[in-house]
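One structure is given here, and the rest of the page talks about it.
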Amino acid sequence: MNNIAISLFSSSGIGDLGLKANNIDTVINCELLTDRMSLFHNNFPNCKNFLGDIWKLEDSIIDYYRDNYHTKPFLILATPPCQGMSSNGMGKMLNDYRKGKRNLFDERNRLIIPTVKIIKALKPKWVILENVPNMGNTFIEYDNGIINIIDYIKKELDDEYVINPNVIDVADYGVPQHRKRLITVMTRTKEGKKYFLQNKTLFPKATHAKQADIFTKPWITVRQAIEHLPVLQAIKGKNICKQNPLHKVPLLDEKKLFWIKNTPEGKSAFDNQCINPLCGYKGNKIHGAKKDENGINKAYTQTPLYCEKCGALLPRPYTENSSTHEKTIMKGFVSAYKRMSWDEPASTLTQNFQYACSDNKVHPSQDRVLSLYEGLVIQTISQYPYSFVIDGKQVSDSLIRDTIGESVPPKVIDLLCQFILNISVSKI
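According to our numbering, the sequence shown is numbered sequentially starting from 13.
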């Protein structure tokens with residue numbers, strides 16, 4: 013019989029692919045959103061689905077497991093929402109708090125409480141919690157006071173579990189993408205505690221590095237990951253690969269194509285220089301950003317849109333007044349409308365990775381954004397069997413984008429499960 017697991021905040025089940033690759037069967041999952049649950053069920057049809065708010069479902073999850081299984085779970089995988097913890101989410105939260113629009117503490121961060129309740133009740137041998145690094149600096153309201161989330165977990169579980177938080181960059185584990193995550197591994201097993209006592213960690217050593225050595229391989233680059241894929245264009249009729257319906261990109265209007273066509277690899281369109289053949293001035297001020305008095309990053313608004321030498325319109329992102337046709341530089345950060353670099357891992361994929369204005373997501377050499385399939389490759393989802401087709405119809409592009417952007421790369425969970433299983437049979 014395979015080891016069994018429970019998946020909390022499971023989204024579309026991408027992290028669970030890493031469990032499945034190691035013959036760990038997810039027998040229960042919990043997810044708030046119906047469309048994500050539909051994809052999860054489509055790919056894990058034998059799993060018991062709990063759709064809805066975990067605060068209302070925690071007792072049902074515990075009761076169902078106890079009624080149907082007579083051993084402790086091997087593992088619980090939990091990936092709570094990160095919007096209230098991420099640096100972007102935290103900045104917006106602080107800004108809204110200062111304006112009196114919201115409470116200082118994001119209620120979503122308290123979802124760790126029902127998670128811990130389920131862990132305490134079912135006592136899995138291992139737990140994997142995955143979130144953004146800022147989870148380690150996040151506080152929640154608890155017991156008429158406030159407490160750091162990691163301290164809360166330790167307070168509730170430390171007598172029984174060894175708890176080991178690790179901030180990693182997934183590029184160090186063979187993912188062609190920089191994506192920093194806080195992965196907290198916990199165990200109550202004798203083998204796991206012994207390993208931690210000897211090694212002071214419950215996380216495997218990095219397999220890749222910027223500079224390879226005898227222990228690591230070089231980071232996997234964007235070139236290695238996607239250069240071989242068919243060429244696409246962001247114009248009608250040429251934006252979809254006939255052989256691969258997921259290798260598709262959204263169309264771009266003439267203005268955006270103009271900006272992107274003139275953007276070099278690794279650069280932002282906001283820094284494009286004069287293309288007037290009679291001028292060609294390369295010294296126009298480039299874009300930038302700095303923090304304001306409230307500590308919120310603000311992009312420059314005085315970045316020139318017209319050549320400072322000849323006055324020609326620069327191929328930089330702009331907005332145009334519909335009445336006066338006056339053009340002004342678009343609001344945006346230095347990473348917007350920016351081409352990726354071929355010979356580095358990609359920057360973090362988000363749910364907006366198919367928007368040209370997103371962070372560093374314009375294709376390194378083609379005048380378009382990343383395709384859905386390229387997102388699947390960079391997130392390592394393409395390495396595992398997974399279907400976005402339900403009842404003979406492919407789900408919406410937006411759901412696929414969201415699934416990619418909010419998931420943990422399954423390669424990382426796969427390697428972590430291999431490591432845990434080796435500890436469990438005392439091979440390490």
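A virtual CB, placed ideally from N, CA and C, is assigned to each residue, including glycine. Predicted model, so just to flag it, every value in this text is computed and none were measured.
> Is asparagine 100 helix, strand or coil by DSSP?
Replying inline: Counted from its first residue, the sequence shown places residue 100 at position 88. Its pLDDT being 44, under 50, asparagine 100 is placed unreliably by the model, and the measurement read from it follows with that caveat. Here asparagine 100 sits in helix by DSSP.
>> Less than 6 angstroms between C-beta atoms, sequence neighbours within five positions excluded: which residues of the same chain meet that for glutamate 172?
In response: On the sequence shown, residue 172 is found 160 positions in, with the first residue counted as 1. So the qualifying residues of the chain are Arg200.
> Alpha carbon to alpha carbon, how far is glycine 64 from asparagine 34?
Replying inline: On the sequence shown, position 52 is the one that residue 64 refers to. On the sequence shown, position 22 is the one that residue 34 refers to. If I take the Cα positions, the gap works out to 28 angstroms.
> DSSP on cysteine 322, reduced to helix/strand/coil?
Replying inline: One-based indexing of the sequence shown puts residue 322 at position 310. Here cysteine 322 sits in coil by DSSP.
> Does the stretch 213-220 come within contact of the stretch 178-185, defined as at least 3 CB pairs closer than 8 angstroms?
Replying inline: yes
>> Three Cβ pairs or more, each shorter than 8 angstroms: is that satisfied between the stretch 358-366 and the stretch 417-433?
In response: yes
> What are the complete alpha helix (DSSP H) segments, minimum 4 residues, inside the stretch 316-391?
Replying inline: 384-390
>> Here's the rule: buried if 16 or more other CB atoms are within 10 angstroms of the residue's CB, otherwise exposed. What is proline 257?
In response: Taking the first residue of the sequence shown as position 1, residue 257 is located at position 245. Exposed, by the Cβ-count rule.
> Roughly how many whole angstroms lie between the Cα atoms of tyrosine 385 and leucine 269?
Replying inline: Position 373 of the sequence shown, counting from 1, holds the residue named residue 385. Position 257 of the sequence shown, counting from 1, holds the residue named residue 269. Roughly 21 angstroms separates the two Cα atoms.
>> Per the DSSP calculation, methionine 49 is bridged to which residue(s)?
In response: Position 37 of the sequence shown, counting from 1, holds the residue named residue 49. Answer is none; methionine 49 lacks a bridge partner.
> Within 10 angstroms of its Cβ, does tryptophan 67 collect 16 or more other Cβ (buried), or is it exposed?
Replying inline: Position 55 of the sequence shown, counted from the first residue, corresponds to residue 67. Answer is exposed; the Cβ neighbour count stays below 16.
> Between tyrosine 207 and isoleucine 18, which are expected to be in contact by the criterion C-beta below 8 angstroms, what is the C-beta distance as a whole number of angstroms?
Replying inline: Counting from 1 along the sequence shown, the entry for residue 207 is found at position 195. Counting from 1 along the sequence shown, the entry for residue 18 is found at position 6. Tyrosine 207 to isoleucine 18, Cβ: 23 angstroms. No contact.
> What is the residue span of the beta strand (DSSP E) that arginine 235 lies within?
Replying inline: Residue numbering aside, residue 235 sits at position 223 when the sequence shown is read from its first letter. Taken as a continuous stretch (DSSP letters only), arginine 235 belongs to no beta strand (DSSP E), being part of the alpha helix (DSSP H) at 234-238.
> From cysteine 42 to lysine 205, what distance separates their C-alpha atoms?
Replying inline: Counting from one through the sequence shown, the residue named residue 42 turns up at place 30. Counting from one through the sequence shown, the residue named residue 205 turns up at place 193. Distance between the alpha carbons of cysteine 42 and lysine 205: 28 angstroms.
>> Mapping the DSSP letters down to three states, classify lysine 212 as helix, strand or coil.
In response: As a position in the sequence shown, residue 212 is number 200, starting the count at 1. Of the three classes helix, strand and coil, the one that applies to lysine 212 here is coil, per DSSP.
>> Quick check on isoleucine 435: does DSSP put it in helix, strand or coil?
In response: Taking the first residue of the sequence shown as 1, we reach residue 435 at position 423. Isoleucine 435: helix per DSSP, three-state reduction.
> Hey, out of Ile40, Asn251 and Leu209, whose CA is closest to tyrosine 76's CA?
Replying inline: Against the sequence shown, residue 76 aligns to sequence position 64. Tyrosine 76 has its Cα closest to that of Ile40, out of Ile40, Asn251 and Leu209.
> What is the residue span of the beta strand (DSSP E) that tryptophan 138 lies within?
Replying inline: In the sequence shown, the residue the question calls residue 138 occupies position 126. Element bounds for tryptophan 138: 138-143.
>> Can you look up isoleucine 165 in the DSSP assignment and give me helix, strand or coil?
In response: For the purposes of this step, residue 165 is identified with residue 153 of the sequence shown, where counting begins at 1. Of the three classes helix, strand and coil, the one that applies to isoleucine 165 here is helix, per DSSP.
> Tell me, which residues are paired with alanine 221 by DSSP?
Replying inline: Residue numbering aside, residue 221 sits at position 209 when the sequence shown is read from its first letter. In DSSP, alanine 221 forms a bridge with Pro230.
> Is lysine 212 buried or exposed, if buried means 16 or more other CB atoms sit within 10 Å of its CB?
Replying inline: For the purposes of this step, residue 212 is taken as the residue at position 200 of the sequence shown. Counting Cβ neighbours within 10 Å, lysine 212 comes out exposed, since fewer than 16 surround it.
> If we call anything under 7 angstroms between Cβ atoms a contact, is tryptophan 271 one with proline 316?
Replying inline: Translated into positions along the sequence shown, residue 271 becomes position 259. Translated into positions along the sequence shown, residue 316 becomes position 304. Contact flag unset, no.
> My guess is that asparagine 296 and glutamate 277 are in contact by the Cβ rule of under 8 angstroms, so how many angstroms apart are they, rounded?
Replying inline: Residue mapping note: residue 296 aligns to position 284 of the sequence shown, counting from 1. Residue mapping note: residue 277 aligns to position 265 of the sequence shown, counting from 1. No, asparagine 296 and glutamate 277 are not in contact; Cβ-Cβ is about 19 angstroms, not under 8 angstroms.
>> Using the Cβ count rule (16 or more neighbours within 10 Å means buried), how would you classify histidine 299?
In response: Taking the first residue of the sequence shown as position 1, residue 299 is located at position 287. Flag for histidine 299 reads buried.
> Counting pairs of beta carbons, one from the stretch 370-388 and one from the stretch 258-268, are three or more of them closer than 8 angstroms?
Replying inline: yes
>> Just to confirm my understanding: we take arginine 48, look at its own chain, exclude 5 residues before and 5 after, and list those with CB closer than 6 angstroms. What are they?
In response: To locate residue 48, count along the sequence shown from 1; it is residue 36. Within the same chain, arginine 48 has close Cβ partners Ser23 and Ser24.
> Taking arginine 122 as the reference, which of Lys135, Asn160, Lys132 and Pro136 has the closest Cα?
Replying inline: Along the sequence shown, one-based indexing puts residue 122 at 110. Of the candidates Lys135, Asn160, Lys132 and Pro136, the one whose C-alpha sits nearest the C-alpha of arginine 122 is Asn160.
> Whose C-beta lies closer than 7 angstroms to the C-beta of tyrosine 154 among residues of the same chain, with five residues either side of it excluded?
Replying inline: For the purposes of this step, residue 154 is taken as residue 142 along the sequence shown, with counting starting at 1. So the qualifying residues of the chain are Tyr164.
>> Can you find the residues in the same chain that come closer than 7 angstroms, C-beta to C-beta, to glutamine 314, ignoring five residues on each side of it along the sequence?
In response: Residue 314 sits at position 302 when you count from the first residue of the sequence shown. No residues qualify anywhere along the chain.
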